Amino acid sequence: MKNALHDQPPSFWLMALELRAFWEFGALLPTWPLLAKAPKGDGHTVMVFPGLSANDASTVPLRQYLQTLN
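Position one of the sequence shown corresponds to residue 45 (the working numbering), numbered consecutively onward.
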């Protein structure tokens, strides 16, 4: 097993993949009216967990969408 002190940082291209979050958020905005036409929920509780090492801010769009379905 490699020593963690000698691991290399991710390449530039792997780090650049993180920028796709802005593109994905921008792609969400035009689909919002279509998503609003989804069937309403039946009142059950839904738990939303952020991704690994993410915070609550990363789940805001999903939580807002789920609120519209309630």
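Built from N, CA and C at the ideal position, the CB exists for glycine as well.
Keep in mind it's a predicted model, so treat the numbers as computed, not measured.
For residue i and residue j, what's the separation of their Cα atoms in angstroms?
| i | j | result |
| --- | --- | --- |
| Leu106 | Leu61 | 21 Å |
| Glu68 | Pro77 | 16 Å |
| Phe56 | Ser97 | 21 Å |
| Leu58 | Thr75 | 27 Å |
| Pro54 | Leu63 | 14 Å |
| Ala65 | Ala71 | 10 Å |
| Gln111 | His88 | 12 Å |
So, are the CB atoms of residue i and residue j less than 8 Å apart?
| i | j | result |
| --- | --- | --- |
| Lys81 | Leu113 | no |
| Val92 | Thr103 | yes |
| Thr94 | Asp100 | In the sequence on display, residue 94 carries Pro and not Thr. Taking 8 Å as the Cβ cut-off, Pro94 and Asp100 qualify as a contacting pair. |
| Leu73 | Tyr109 | no |
- prompt: What residue ranges within the segment 84–113 form continuous alpha helix (DSSP H) runs of no fewer than 4 residues, ordered along the chain?
  reply: 104–112
As an exercise, report each continuous alpha helix (DSSP H) stretch of at least 4 residues that is fully enclosed by the segment 48–84, in chain order.
56–60, 64–80
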